[in-house]
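Since the structure comes first, as structure tokens, the remarks are kept for the end.
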Amino acid sequence: MREVDLIIIGAGPAGMSAAGRAAECGLSVVILDEQPVAGGQIYRDVDRASALRGDILGKDFTEGQKLTQRLDHKNITHLKGAVVWQIEDGPRVSYTHAGQGGTVCAKRLLLATGALERPMPIPGWTLPGVMTAGAAQILLKQSGIACKGAVLVGSGPLLYLIGSQMVRAGVPPLALVETQTRHDFIGSLRHLGGALRGWRYLLKGAAMLWHLRRARVPRYVAASSLAIEGKEAAQAVAFTSKGKSRRIACETVLLHHGVVPNTQTARSIDIPHQWDEEQACFVPQCDEWGRTPKTDVFIAGDGAGIGGAKAAALAGEIAALDIACDLGQLTSADRDAAARPLRARLINERAARPFIDSAYPPYAAALAPQDATIVCRCEEVTAGDIRRMAGLGCTGPNQTKAFGRAGMGPCQGRYCGLTVTRLLADANGVSPDETGHYRIRPPIKPVTLGEIAAMTPQETKADSK
Amino acid sequence: MKPASSFRELTPAPESALADVRFGTRAVRLPLGENLAAALLLAGIMPFRLTPVSGAPRGPFCMMGACFDCLVEIDGVTRQACMLTVTEDMAIDMPAAGKGDGDA
Ligand SMILES: Cc1cc2nc3c(=O)[nH]c(=O)nc-3n(C[C@H](O)[C@H](O)[C@H](O)COP(=O)(O)OP(=O)(O)OC[C@H]3O[C@@H](n4cnc5c(N)ncnc54)[C@H](O)[C@@H]3O)c2cc1C
Ligand code: FES
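Here's what the structure looks like:
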């Protein structure tokens, strides 16, 4: 079996910058990502897409090439398209790569698995033609495909970003339907001080909105009673805005109301998580270096709490410094000196976050959906089913799984976990922390028996970049 | 005739870069090496599957390997279309209702 100093799961900004810094410190690194190329969610396929459509995607995107270049180092092996399905003590990581199972062992493990879109269960959200806004971005970045006749629904700057990219691509959205209210905006003003320190983000947000306005994309704010209509596929978005009921016929609906940490890998090895009230999600427990209570496992980037791409890259470097120190490549004085400027930048990066979080809160009706709305997409379990289970004495998500299969499907609760926790917490009158989350057990991604059978027990074929 | 698609390719792939692929009983030509879910969407294929519980139609939702709504069957194995690329002579089927739980 291959043995290295550091295994990194995830080749997004956090994983790439951690790999770069660790390699520069003299550590041997294996970085695994299930995507065929480096970049993560924000810089998806950045090396190819920058040349083809950098003008549409913008400079914030093409900048990601600086990070992918860092992987070009003799100490780094990048296993492209490696799907991690099991982590064990060691740390030891099992994955499938090119149809074959493999295992790699290391002294330290860094989880940099990023974020997922916050689930947005509203009536009709399972219909074909309904996707996440992030999915539309991936189609644009990776494949140069734009959605026609699309309505953007939800809240947050990512909606403006995808909207303005669609305008530049010549396929503007039919409308922007936003759920945040004036009240949210006024409430967010108490964080204005921080926001002004992160003024670049405010300026960018304003520029994107202006771009959408100039392209005459209709914008509806404080939308409520959202529902997607259609039988075999999405046909229209219905909602109420400013006291008026509206219905916009469309082919595609793109949902977004924020992203949340993808905690699947961390949970599979029982790293404790806490509820973060500001971001309304669970975050794993780790210290200022990203070290978890399992002391040979670190977490960096959006997987440790949402901070955006720049913050993720900084956190990756900081974690790499502590790991290099752990393994005797840096003195603690050198580590601290190198980390100081990074931390100062991190504070600036995070400054606008409380403002953004409170100005663009999640759509409340999707956090506690109506009874008839499906919350578990895989097993088609509704919010009403979960509430009934609470009435029967279910206190935690693992019980609802046993009772009604919620979270038992192939997505393993990735798109229902937070909703189920919230519904149970509300119904039982206890906190999300007390309610807990699904227990995640390997395989965290599907693996076939054939792939396991093809595993070479002693050696992993780690073909390099 | 090509079914209507809700998606538009910014720079269409040249004829020479297309692969012959079968989806159910339909023959489609998809860009070789392209992400399979993206290529099927572009070709106007929808739905990708029917749910095992109620038989409801589904298609790609996240495009990042997390939701499993893009499941298709290739060589008898249920796989995520958004995590695959188009290869020559791919034969794709819709996971039968009552199946489609991944191959875990
Ligand atoms: C769909 C989507 C689109 C986004 N677009 C933008 C944007 O345009 N602008 C912006 O500012 N922010 C965007 N965000 C927010 C974004 O998450 C962060 O800004 C940034 O990408 C976080 O970087 P990261 O390194 O923490 O994680 P990511 O960039 O998410 O990278 C994590 C990587 O881990 C890999 N991974 C996860 N699980 C496994 C596994 N089991 N096996 C192998 N590999 C695995 C993934 O393939 C991924 O490449 C987006 C988020 C999502 C979910
Ligand atoms: S579209 Fe979500 S897993 Fe493929």
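Protein chains in written order, with our numbering: chain C, -10 to 454; chain A, 58 to 161.
Here a beta-carbon is modelled for each residue, glycine too, at the ideal position from N, C-alpha and C.
Nothing here was measured: the structure is a model prediction, and the numbers come from that model.
Can you give me the start and stop residues for the alpha helix (DSSP H) that residue i sits inside?
i, result
"Ala94 of chain A", "93 to 99"
"Ala8 of chain C", "2 to 13"
"Arg168 of chain A", "Only positions 58 to 161 of chain A appear in this structure, which leaves residue 168 of chain A out of reach."
"Arg256 of chain C", "253 to 257"
"Gly439 of chain C", "438 to 442"
In angstroms with no decimal places, state the Cα-to-Cα distance between residue i and residue j.
i, j, result
"Arg107 of chain C", "Thr115 of chain C", "15 Å"
"Gly294 of chain C", "Val249 of chain C", "7 Å"
"Pro110 of chain C", "Glu368 of chain C", "14 Å"
"Ala451 of chain C", "Gly219 of chain C", "Below a pLDDT of 50, predicted positions are generally treated as unreliable, and Ala451 of chain C, at 44, falls in that range; the measurement from the model is reported next regardless. Cα to Cα, Ala451 of chain C sits roughly 47 Å from Gly219 of chain C."
"Ala456 of chain C", "Thr135 of chain A", "The requested residue 456 of chain C does not occur in the structure, where chain C is confined to residues -10 to 454."
"Arg403 of chain C", "Gly396 of chain C", "8 Å"
"Val26 of chain C", "Ile433 of chain C", "21 Å"
"Thr281 of chain C", "Ile312 of chain C", "12 Å"
"Ala348 of chain C", "Gly247 of chain C", "12 Å"
"Pro80 of chain C", "Ala216 of chain C", "45 Å"
"Val110 of chain A", "Arg65 of chain A", "32 Å"
"Gly113 of chain C", "Ala223 of chain C", "8 Å"
"Asp126 of chain A", "Cys139 of chain A", "9 Å"
"Gln359 of chain C", "Ala326 of chain C", "53 Å"
"Val176 of chain C", "Gly70 of chain C", "The residue you asked about is not Val; residue 176 of chain C is Gly in the sequence shown. In a straight line, the C-alpha of Gly176 of chain C is about 44 Å away from that of Gly70 of chain C."
"Lys156 of chain A", "Asp150 of chain A", "Here the model assigns Lys156 of chain A a pLDDT of 47, short of 50, so the residue's position is not dependable and the matter cannot be decided."
"Ile441 of chain C", "Arg411 of chain C", "37 Å"
"Thr102 of chain C", "Gly292 of chain C", "6 Å"
"Ser153 of chain C", "Pro207 of chain C", "13 Å"
"Phe271 of chain C", "Ala414 of chain C", "14 Å"
"Leu458 of chain C", "Leu438 of chain C", "Residue 458 of chain C lies beyond the range of chain C shown here (-10 to 454); nothing can be said about it."
"Cys119 of chain A", "Pro152 of chain A", "19 Å"
"Ala94 of chain A", "Ala443 of chain C", "27 Å"
"Ala113 of chain A", "Pro399 of chain C", "16 Å"
"Val28 of chain C", "Ser230 of chain C", "Reading off the sequence, residue 28 of chain C comes out as Gly, not Val. Roughly 38 Å separates the two Cα atoms."
"Arg189 of chain C", "Leu178 of chain C", "17 Å"
"Gln447 of chain C", "Thr85 of chain C", "Note that Gln447 of chain C scores a pLDDT of 45, beneath 50, so its modelled location is shaky and nothing firm can be said."
"Val85 of chain A", "Leu141 of chain C", "30 Å"
"Arg79 of chain A", "Leu89 of chain A", "13 Å"
"Ala304 of chain C", "Pro421 of chain C", "27 Å"
Take the Cβ of residue i as the centre, count every other Cβ of all protein chains shown within 10 Å, and call the residue buried at 16 or more, exposed below.
i, result
"Gly159 of chain A", "Legend: pLDDT at Gly159 of chain A = 43, less than 50; position of this residue unreliable, value from coordinates given subsequently. Burial call: buried."
"Trp199 of chain C", "exposed"
"Ser63 of chain A", "buried"
"Ser321 of chain C", "exposed"
"Ser39 of chain C", "buried"
"Pro350 of chain C", "buried"
"Arg430 of chain C", "exposed"
"Thr144 of chain A", "exposed"
"Ile102 of chain A", "buried"
"Gly4 of chain C", "buried"
"Gly232 of chain C", "exposed"
"Thr68 of chain A", "exposed"
"Leu100 of chain C", "buried"
"Met(-10) of chain C", "exposed"
"Gly(-1) of chain C", "buried"
Residues of chain C with CB under 8 Å from residue i, in chain order?
i, result
"Pro117 of chain A", "Met120, Ala124"
Can you list the residues of chain C that residue i reaches, using a CB-CB cut of under 7 Å?
i, result
"Asp126 of chain A", "Arg366"
"Leu99 of chain A", "Ile134"
"Leu67 of chain A", "Arg42, Gly133, Ala135, Ala158"
What residue range is occupied by the uninterrupted beta strand (DSSP E) comprising residue i?
i, result
"Tyr84 of chain C", "81 to 86"
"Asp265 of chain C", "262 to 265"
"Arg270 of chain C", "According to the sequence provided, residue 270 of chain C is Cys. The question's Arg does not apply to it. First-last of the beta strand (DSSP E) with Cys270 of chain C: 270 to 273."
"Pro250 of chain C", "248 to 250"
"Ile288 of chain C", "286 to 288"
"Val85 of chain A", "83 to 88"
"Glu218 of chain C", "213 to 218"
Can you pull the chain A neighbours of residue i, defined as C-beta to C-beta under 7 Å?
i, result
"Cys400 of chain C", "Ala123, Cys124, Phe125"
"Gln30 of chain C", "Met121"
So which residues on chain A does residue i lean against when the C-beta distance must stay under 8 Å?
i, result
"Gly138 of chain C", "Ser63"
Along chain A, which residues have their Cβ under 9 Å away from the Cβ of residue i?
i, result
"Ile127 of chain C", "Asn92, Ala95, Cys119, Met120, Met121, Cys139"
What in chain C is Cβ-close to residue i, meaning under 9 Å?
i, result
"Thr82 of chain A", "Ordered by position in chain C, no residue passes the 9 Å Cβ test against Thr82 of chain A, which lies about 18 Å from the chain."
"Ser111 of chain A", "Glu369"
Residue i: beta carbon under 8 Å from a heavy atom of ligand 4?
i, result
"Gly122 of chain A", "Looking for ligand 4 in the displayed structure turns up nothing; the ligands present are ligand 1 and ligand 2."
- prompt: Between the region 147 to 165 of chain C and the region 112 to 130 of chain C, are three or more C-beta pairs nearer than 8 Å?
  reply: yes
field: Cβ contact check for the region -2 to 16 of chain C and the region 301 to 316 of chain C: 3 or more pairs under 8 Å
entry: Segments in contact, yes.
query: Do the region 88 to 104 of chain C and the region 328 to 340 of chain C make contact, defined as three or more Cβ pairs closer than 8 Å?
result: Between the region 88 to 104 of chain C and the region 328 to 340 of chain C there are fewer than three inter-stretch CB-CB distances shorter than 8 Å, so the stretches are not counted as touching.
message: Taking 8 Å as the cut-off, does the region 240 to 259 of chain C touch the region 383 to 391 of chain C (at least 3 CB pairs, one atom from each stretch)?
response: These segments do not touch.
- request: Spell out a yes or no on whether the region 380 to 389 of chain C and the region 329 to 337 of chain C are touching, meaning 3 or more CB-CB pairs, one atom from each, closer than 8 Å.
  value: No: fewer than three Cβ pairs fall under 8 Å.
task: Evaluate contact between the region 42 to 49 of chain C and the region 154 to 174 of chain C, counting only Cβ atoms and requiring at least three cross-stretch pairs below 8 Å.
output: yes
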